[in-house]
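Undergrad: The structure under discussion is supplied below as structure tokens; questions concerning it will follow.
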Amino acid sequence: MTLPILRISGLRKHFSGVEVLKGIDLEVHVGETVAILGSSGSGKSTLLRCVNCLEVASGGSIWVGDELMGYRQESKGTVRRLTESQIAVQRRQVGMVFQNFNLFPHWTVLQNIADGPRSILKLSKADAIERSMTLLTRVGLADRANAYPRQLSGGQQQRVAIARALALEPALLLFDEPTSALDPENVSEVTDVMAALAASGATMLVVTHELGFARAAADRVVFMDDGVILEQGSPAEVFDHSQQPRTREFLRQTLV
Amino acid sequence: MANLPSNQTDIELPHPQHPVDVARALAPRRPATWVLSIITVVVAAQIVNLLLTNPNFDWDVVGQYLNSETVLRGVVMTLFLTVTAMTIGLVLGGVLAVCRLSDNALLRALASSYIWFFRGTPQLVQLIFWFNIGLLVPVLSIGIPFGPTFASIESNTLVTPLLAAIVGLGLHDAAYQAEIYRAGLISVDEGQLEAAQALGMKPVRVFFRIQLPQAMRFIVPPTFNSIIALVKGTSLVSVIGGAELLFSVKEIYSQTYQTVPLLIVASIWYLFITTVLNGVQFFIERHYGRGSSRTGSSSIIARFFDRRAAMRNLNRGMES
């Protein structure tokens, strides 16, 4: 197989003494979609937020491509923390979709998507708009380009947020419970977009409670419990032939 | 369940031949409202009567001095003091707010101490203090700290009433403005900052493009509150001999003894300036209200412009 685009080794994270991640090892390869399952408090969101440095890891290391996220290796073998500006540059290869969409309310849909290509990738205005409109068409919202976020439904906002993340052409996409804040009837429009994205070869790490999506779209399913990865494998292995009683209990309670 | 009507036929209508229609219902009787309204009108009429008939107002004197040269010079000075002190307040206040929200403990402590001091002592005391700075520091000089000096000047020569007024009003205003900025900045949802960071925006860009524009909706109304307070606060400068509006009318009535009409002249000008500021506030608030449903503005000006915008849209719709 190819070199992993994401390499997490021995990742630890504690918040004021409470250990939330207790040594996580995880690799994601190019083109792979990995779903992370687990009950709330298991550390799955924290894991995701450590990948793009929204949380600072307490130990271990995270590599995205050949970048050590949040840190720099010096010639004498020491490791030094990066400044916020340097971390910002690293983050450009990692896109993120949030539970609460977090679209910028003072900008139109088009501005939300086109700002990244324009100001970060330095595309011309015409190119940035063209790329944004292509993405909006892909998520089925080309006709809402000039709307403000609050004029859209939750499902529509989340599809715009996906387009915004894609606009920077990141090597890796992070999804933090992207359907948890949606009305039940809006969930499928978002998971459909995500499934199409996975099928088109995007590299995705998805924290989700949508077991149906995980089973259908993920190449690999990771089950987390109490700050460790308890089990991982293909959807069939984890959903149908789980080796861990804790995983089976979680699946039974979630599927009811 | 026999006592509950299960369908309409069970209800006994009082006048089956006259079906009820509430479209022509009368307004409810409100005797208390009537009594209070009459009292209010009588009191208002008395006030108007007092204004028009009391000869001590000397309305002809008011008219005579309203645009006299001395008064207009005072108005210009009041405006100048407001603009300069406001500029110092807006800029220094911004620096202080950023320091207070900084990760650097030293900057936080400095900004907090500044705000603590300048908010905690009366503005009038500060003005008199700056005017008398020569008593504390007789000579001001530029040079290397604890080393040689290059140039120096006597404080009493440098610090005119005008300079003392600008410094005194500006530094005091900055302390309040810093807290207004800070309130606005911390009101922006954390998720907005995270989304901007996740897109790879650098801190300065996150601040100016995402955080500040959203904070402005919460910053503008209290800022205009404090600008209007500053307009009126410039009248304190008359105490240290700054020739602003109140000082100018005082100069006149100390000779003519027409105290009441000249204070009215000053009040009319203060009201005029603050009224213009109200209008400016409306437009700035409307600008930063983009993308939000609740502008919170339902003033007469707002309704006038909303109606005009509606008419424009209507005309445009008819043309196409």
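If you're matching them up, the sequences are chains A and B in order. This note's numbering puts the first sequence at residues 30 to 285. This note's numbering puts the second sequence at residues -12 to 307. Each residue gets a CB set at the ideal place from its N, CA and C atoms; glycine is no exception.
1) Anything in chain B within Cβ reach of Asn129(A), meaning under 7 Å, just list it in chain order.
2) When DSSP builds the beta bridges, which residues end up paired with Ala64(A)?
3) In the DSSP assignment, what residue or residues form a beta bridge with Asp8(A)?
4) Exposed or buried, Ile251(B), counting other C-beta atoms within 10 Å across all chains shown (16 or more means buried)?
5) If you draw a straight line from the C-alpha of Leu94(B) to the C-alpha of Thr112(A), how long is it?
6) Can you pull the chain B residues whose beta carbon is under 7 Å from the beta carbon of Asn81(A), in chain order?
7) Mind listing the chain B neighbours of Gly183(A)? Cutoff is C-beta to C-beta under 9 Å, in chain order.
8) What number of angstroms, rounded off, separates the C-alpha of Leu217(B) from the C-alpha of His135(A)?
9) With a threshold of 6 Å on Cβ separation, who are the neighbours of Gly145(A) within its own chain once the five nearest residues in sequence on each side are excluded?
10) Please classify His159(B) as buried or exposed, where buried requires at least 16 other C-beta atoms within 10 Å of its C-beta.
11) Locate the beta strand (DSSP E) running through Leu13(B), then write down its first and last residues.
12) Per DSSP, Gly130(B) forms a beta bridge with which residues?
13) Is DSSP giving Val207(B) helix, strand or coil here?
14) Select from Val48(B), Ile131(B), Ser24(B) the residue whose C-alpha is nearest the C-alpha of Thr246(B).
15) Hey, is the segment 260 to 280 of chain B in contact with the segment 207 to 222 of chain B, meaning 3+ C-beta pairs nearer than 8 Å?
16) Which residues of the segment 129 to 161 of chain A have a Cβ closer than 9 Å to any Cβ of chain B? Give them in chain order.
17) Judging by CA-CA distance, which residue of Leu149(B), Met188(B), Ile26(B) is the nearest neighbour of Leu150(A)?
18) Apart from the five residues on each side of it in sequence, which residues of its chain come closer than 6 Å, Cβ to Cβ, to Ala152(B)?
19) With 7 Å set as the bound, which would you pick, yes or no: does the beta-carbon of Gly278(B) sit closer than that to a beta-carbon of chain A?
20) So, for Gln201(B): in the same chain, excluding its five sequence neighbours on each side, which residues have a beta-carbon less than 6 Å away from its beta-carbon?
21) Might you give, ordered along the chain, the residues of its own chain that have their beta carbon closer than 6 Å to the beta carbon of Thr71(B), omitting 5 neighbours on each side?
22) Under the DSSP definition of a beta bridge, which residues are partnered with Phe7(A)?
23) Report the neighbours of Tyr100(A) on chain B: residues whose CB is nearer than 8 Å to its CB, in chain order.
24) Decide if Pro109(B) is buried, meaning its Cβ has at least 16 other Cβ atoms within 10 Å, or exposed.
25) Whole angstroms are fine: how far does the CA of Ile65(A) sit from the CA of Val235(A)?
26) For the segment 134 to 179 of chain A, list the beta strand (DSSP E) runs that are entirely contained and at least 3 residues long, ordered along the chain.
27) Locate the beta strand (DSSP E) running through Tyr100(A), then write down its first and last residues.
28) What residues from chain A crowd round Pro190(B), counting only those whose CB sits closer than 8 Å?
29) Look at the alpha carbon of Thr27(B) and the alpha carbon of Ile255(B), and state the distance between them as a whole number of angstroms.
30) For Gly81(B), does the three-state DSSP call read helix, strand or coil?
31) Establish whether the CB of Lys42(A) and some CB of chain B are separated by less than 7 Å.
32) What does the alpha-carbon distance come out to for the pair Glu61(A) and Gln122(A)?
33) List, from N- to C-terminal side, the alpha helix (DSSP H) runs of 4 residues or more that fit wholly inside the segment 151 to 229 of chain B.
34) Residue ranges of each alpha helix (DSSP H) run of no fewer than 4 residues wholly in the segment 13 to 56 of chain B, ordered along the chain?
35) Going by DSSP in three states, Glu278(A) sits in which element: helix, strand or coil?
TA: The structure says:
1) Gly178
2) Beta-bridge partners assigned by DSSP to Ala64(A): Val235(A), Val250(A).
3) The question about residue 8(A) has no answer, for chain A in this structure spans 30 to 285.
4) Burial call: buried.
5) 18 Å
6) Ala185
7) By Cβ distance, chain B contributes nothing, its closest Cβ being about 14 Å from Gly183(A), past 9 Å.
8) 30 Å
9) For Gly145(A), same chain residues with a beta-carbon under 6 Å away, outside a window of 5 residues either side, are Ala196, Leu197 in chain order.
10) buried
11) Unbroken run through Leu13(B): none, as it is neither H nor E.
12) Thr136(B)
13) helix
14) Val48(B)
15) Short answer: they touch.
16) Asn129, Phe130, Asn131, Leu132, Phe133, Pro134, His135, Trp136, Thr137, Asp144, Gly145, Ser148, Ile149
17) Met188(B)
18) Leu68, Val224, Gly229
19) yes
20) Val175
21) Ile153
22) Any question about residue 7(A) goes unanswered here, given that chain A covers just 30 to 285.
23) Residues of chain B passing the Cβ test: none, with the nearest at roughly 17 Å.
24) A residue is called buried when at least 16 other Cβ atoms come within 10 angstroms of its Cβ; Pro109(B) does not meet this threshold and is exposed.
25) 6 Å
26) With a minimum length of 3 residues, no continuous beta strand (DSSP E) run stays inside the segment 134 to 179 of chain A.
27) 100 to 102
28) Glu113, Ser114, Ala117
29) 24 Å
30) helix
31) no
32) For the pair Glu61(A) and Gln122(A), the Cα-to-Cα distance works out to about 16 Å.
33) 177 to 185, 199 to 220
34) Here the runs fully enclosed are 18 to 40, 46 to 53.
35) helix
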